[in-house]
Structure formats: structure tokens, C-alpha cells
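Since the structure comes first, as C-alpha cells, the remarks are kept for the end.
Numbering (the working numbering), first residue to last: 1113 to 1296.
And the structure:
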């Protein structure tokens, strides 16, 4: 691993990740690295610069069969549920790797995964200029995505009452289009 990005509380094991990150687990899902060694049949070779797509899905459950692997019943995240990139060497399946061009710096390459999440979220929600959007959560990439909008009304909900800081608008609800899955 050559670069990784982590922004968060001083104590990592808190909130809803307590049950997912094993004690002593290796974090790091927003990573960039250089291939040291690859199998002969691989599309990658030593020296290739890559980022890791950290979501691992089973490919055989109902959600995966419907093309909704992001809703996989057995979904795991490298660096959360499985060992991540905050280590010197890391073996990752080539299907989870994306080549990074030399025109992108190491530091910027480490930010490609969170940027991709923000771009994907906005695209799935079909946000258009003039739409009112409310972003929940404190993930840095979602905040960055919100900042791409025209205005930001409530930067820190601890310091402002959200209702008073939002404009008097009646936003239309927009939801990402997702397939309907029935519980088994």
C-alpha cells in the first residue's frame, strides 16, 4: 500500500461498526497501491498502480442475480468485515482492482474510492440543478458531495437548529431506483 485515506474519530471502534470490525482487524477500505507480484494470467503486472474496490459480494444470492450486488445478502467490505489496506502488503483479487493512470498522484488516488461513492450517490438519486437535497450522516465523502451543490445551509447540526437553518422550501422526495427484494 502506498497511500490510504482515513478521517474520523480518534477511537475507531464505535457506533454501528462495533459488530463488524473484528477486534484487532485491519482497517483501510480507501486505498491505493502498487502491484508487487501478480499471477501470469492476470491483467495486472508488477509496478501497476491500482485502487481497490472494497465491496465484495457473493454473486449467487437473489440480489446478485437481479444485478443488485450492492444489496448482496452476504456483502462484505475489505477494511471493515475483512482485512483492509492499512498493512505493508495485501493480497487482493484482481476483480477488485482498478488501474490508476500516472497522471493521478498517490494522494489523490487514495481519494478515488470515496469520490466514486459520492458521484455514484448523486447519480443514483438523479439530482438535478435546483433540487433540494438533504444529506444525512457524517461521512466525509457525502459532505463533499453535498458541498458540490449550490448552497449549504447547515454545516454543523450541533451548532445550529436544522429547522431554522434550512430555507423555506418543500423539496420533492427523490429516491435511488432499487430493485424490490422480498425477504426469504
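Glycine is no exception: its CB is placed at the ideal position from the N, C-alpha and C atoms.
Residues that DSSP places opposite residue i in a beta bridge
i	result
residue 1215	Note: residue 1215 sits in no beta bridge, so no partner.
residue 1190	1194
residue 1161	1146
residue 1210	1163
residue 1168	1188
Top-ranked residue by Cα proximity to residue i, from the options
i	options	result
residue 1153	1192, 1143 and 1205	1205
residue 1144	1179, 1203, 1237 and 1235	1203
residue 1137	1155, 1232 and 1196	1196
residue 1216	1192, 1245, 1163 and 1180	1163
residue 1142	1225, 1233, 1170 and 1212	1225
residue 1132	1182, 1191 and 1237	1191
residue 1207	1239, 1165 and 1232	1165
Endpoints, the alpha helix (DSSP H) within which residue i is located
i	result
residue 1133	Premise fails: residue 1133 is in no alpha helix (DSSP H) and is neither H nor E.
residue 1225	1224–1237
residue 1175	1174–1177
N- and C-terminal bounds of the beta strand (DSSP E) containing residue i
i	result
residue 1205	No beta strand (DSSP E) contains residue 1205, which DSSP labels as neither H nor E.
residue 1146	1143–1146
CB contact check: residue i to chain B, cutoff 8 Å
i	result
residue 1154	Checking the listed chains, one finds no chain B in this structure; it contains a single protein chain.
Nonlocal neighbours in the same chain, by C-beta distance under 8 Å from residue i, ignoring five residues either side
i	result
residue 1194	1168 and 1188
residue 1157	1147 and 1150
residue 1214	1161
Three-state secondary structure (DSSP) of residue i
i	result
residue 1154	coil
residue 1221	helix
Close Cβ partners of residue i (< 6 Å) along its chain, the five nearest in sequence each way excluded
i	result
residue 1199	1138
residue 1140	1116, 1191, 1196, 1197 and 1198
Cut-off 7 Å between Cβ atoms - residues of its own chain near residue i, not counting five sequence neighbours on either side
i	result
residue 1176	1169, 1170 and 1184
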